[in-house]
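Each residue of the sequence shown is one higher than the last, beginning at 22 in the numbering used here. What follows is a set of notes on a single structure, which appears directly below.
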Amino acid sequence: RYAVFPRGYWTKRGRFDRTVITVDPRKTPTTEASDLHVQLKPDSDFELISALLTLLHGKTPHPSVEEITGVPIPVMEEMLDMMKNCTFGAISVGLGLASSMGKYRNSEIAMNFVKELNNYAKFTLGALRGHCNVAGFNQVAAYMYGYPFGLDFMRGHPRYNPGEFTTVDVLREKDVDTVFVMCADLVSHIPADCAAYLAKIPMICVDIAPCPTVSASDIVLPGVIDAMECDGTFYRLDDVPVHFEPFTSSPFKFTKSNEDTLKQLFEKIRKKGQVISLPSINKEGEGLIPENLP
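In structure tokens:
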């Protein structure tokens, strides 16, 4: 609706000046409206992009790639020809790319593919995410701390390490013993073993509606609906900020917004005044490592 049909300076005819290629194992309304539907087999994203890279380098991929991906090599060549001869191309990927076999390697080879395509035409790569403020936390964390997610503050400064400090990993390794969930239905979106551990430990949740995370929480704080009951700035999936004004007020007397709820919690924590003193390392390197360790 917003990426294909609008008319622009270089696309005055809207949809008629654009070419749409959809890569999907299934037939959907989007594939029917596309110029080319590449119907690949599930869990063969890496092999398809690898074959496209091979073609881009002027070589022919191994014939076995047709059986693996379910896509004939002539279709790959047609797809690549469309991409090489465009003026401005944009690849939008969904969660399927990172959820299929290959995981982050799929994203890695997709980025390499886009880098190589820029030798022929201007190309970008973006993620399709679903919720209204889907890029909000990433934007705020990036400009405040320099990293978009996977942050750790245990040493008094932000550290970034996906795979260690990200949500699924800290739950899988059982590194946390208490969780505060802010308007996110974690139980519905994380692996089963992580959700099972989440249900065992103390959990506080702020949310606007019943959901599995609310049911599993020990304490539930009612949330205020942003852009409806309080003002706020949303960041769209393309990182464009949009400010919204409310058309009503918070239904609760004890809070005006989710931000107000957090400020009240922080103030109570400050008044409590409990400071945890972490062990420090002296000049000789002693302190954190017990003496009886080899």
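Glycine included, each C-beta is placed from N, C-alpha and C at the ideal position.
In the DSSP output, which residue or residues are listed as bridge partners for residue i?
{"i": "M97", "result": "Note: M97 sits in no beta bridge, so no partner."}
{"i": "Y181", "result": "L172"}
{"i": "Y256", "result": "P262"}
{"i": "C107", "result": "Beta-bridge pairing links C107 to no other residue."}
{"i": "S113", "result": "G147"}
{"i": "I42", "result": "L57"}
{"i": "D247", "result": "C251"}
{"i": "F201", "result": "I225"}
{"i": "I240", "result": "I225"}
When burial is assigned at 16 or more other CB atoms within 10 Å of the CB, is residue i buried or exposed?
{"i": "N154", "result": "buried"}
{"i": "F134", "result": "buried"}
{"i": "A54", "result": "exposed"}
{"i": "A237", "result": "buried"}
{"i": "S278", "result": "buried"}
{"i": "I222", "result": "exposed"}
{"i": "M122", "result": "exposed"}
{"i": "D228", "result": "buried"}
{"i": "N313", "result": "Residue placement at N313 is flagged as unreliable, the pLDDT there being 41, under the threshold of 50; the coordinate-derived value follows with that caveat. The residue is exposed, with fewer than 16 neighbouring Cβ atoms inside 10 Å."}
{"i": "S270", "result": "exposed"}
{"i": "G177", "result": "exposed"}
{"i": "M175", "result": "exposed"}
{"i": "L299", "result": "Any reading at L299 needs caution, since the residue's pLDDT is 42, under 50, leaving its predicted position unreliable; the model's value is listed next. Burial call: exposed."}
{"i": "F287", "result": "exposed"}
{"i": "M104", "result": "buried"}
{"i": "I70", "result": "buried"}
{"i": "F275", "result": "exposed"}
{"i": "V208", "result": "buried"}
{"i": "V197", "result": "exposed"}
{"i": "P315", "result": "Interpretation of P315 is limited by its pLDDT of 38, a score under 50 that renders its predicted location unreliable; no figure is taken from the coordinates."}
Of all the options the options, which has the alpha carbon lying nearest to the alpha carbon of residue i?
{"i": "L242", "options": "M224, L219, A213", "result": "M224"}
{"i": "D190", "options": "D173, L258, M203", "result": "D173"}
{"i": "L219", "options": "I229, L192, N182, C226", "result": "L192"}
{"i": "P272", "options": "D259, F265, C251", "result": "C251"}
{"i": "F265", "options": "D56, F109, T254", "result": "T254"}
{"i": "F37", "options": "V44, V25, V114, K80", "result": "V25"}
{"i": "V59", "options": "E98, R28, P27, G79", "result": "E98"}
{"i": "P179", "options": "E194, D214, A163", "result": "A163"}
{"i": "R47", "options": "D56, R34, P63", "result": "P63"}
{"i": "L258", "options": "G151, E185, M175", "result": "G151"}
{"i": "D281", "options": "V261, P262, I246", "result": "I246"}
{"i": "P262", "options": "I42, V41, V161, V92", "result": "V161"}
{"i": "P93", "options": "K105, A72, A248", "result": "A72"}
{"i": "I130", "options": "K289, L74, N140, P27", "result": "L74"}
{"i": "K124", "options": "T49, I240, G184", "result": "G184"}
{"i": "L77", "options": "D196, V44, M100, L61", "result": "M100"}
{"i": "D239", "options": "V202, K274, M249", "result": "V202"}
{"i": "A248", "options": "V235, F186, F268", "result": "F268"}
{"i": "L146", "options": "E194, V96, S113", "result": "S113"}
Short check: CB of residue i to CB of residue j, under 8 Å?
{"i": "N182", "j": "G171", "result": "yes"}
{"i": "T108", "j": "A148", "result": "no"}
{"i": "G110", "j": "L138", "result": "yes"}
{"i": "I42", "j": "L57", "result": "yes"}
{"i": "L206", "j": "P233", "result": "The residue asked about is misnamed: residue 206 is Asp in this sequence, not Leu. Contact: yes."}
{"i": "T188", "j": "I211", "result": "yes"}
Apart from the five residues on each side of it in sequence, which residues of its chain come closer than 8 Å, Cβ to Cβ, to residue i?
{"i": "A217", "result": "none"}
{"i": "R39", "result": "V25, T32"}
{"i": "C204", "result": "V227, D228, I229, G244, N279"}
{"i": "E307", "result": "Residue placement at E307 cannot be trusted, given a pLDDT of 44 that sits under 50; the coordinates are not used to answer."}
{"i": "P27", "result": "G35"}
{"i": "P84", "result": "I94"}
I'd like the list of long-range same chain contacts for residue i, defined as Cβ closer than 6 Å, with 5 residues on each side in sequence excluded.
{"i": "G157", "result": "Y256"}
{"i": "G29", "result": "none"}
{"i": "D45", "result": "T52"}
{"i": "N106", "result": "none"}
In chain order, what residues of the same chain lie with their CB nearer than 7 Å to the CB of residue i, ignoring the 5 residues before and after it?
{"i": "E68", "result": "V86, I89, T90"}
{"i": "N127", "result": "D66, F67, L118, A119, S121"}
{"i": "T199", "result": "I222, P223"}
How about residue i: is its C-beta nearer than 8 Å to some C-beta of chain B?
{"i": "H178", "result": "Absent from the structure is chain B; it holds one protein chain and no more."}
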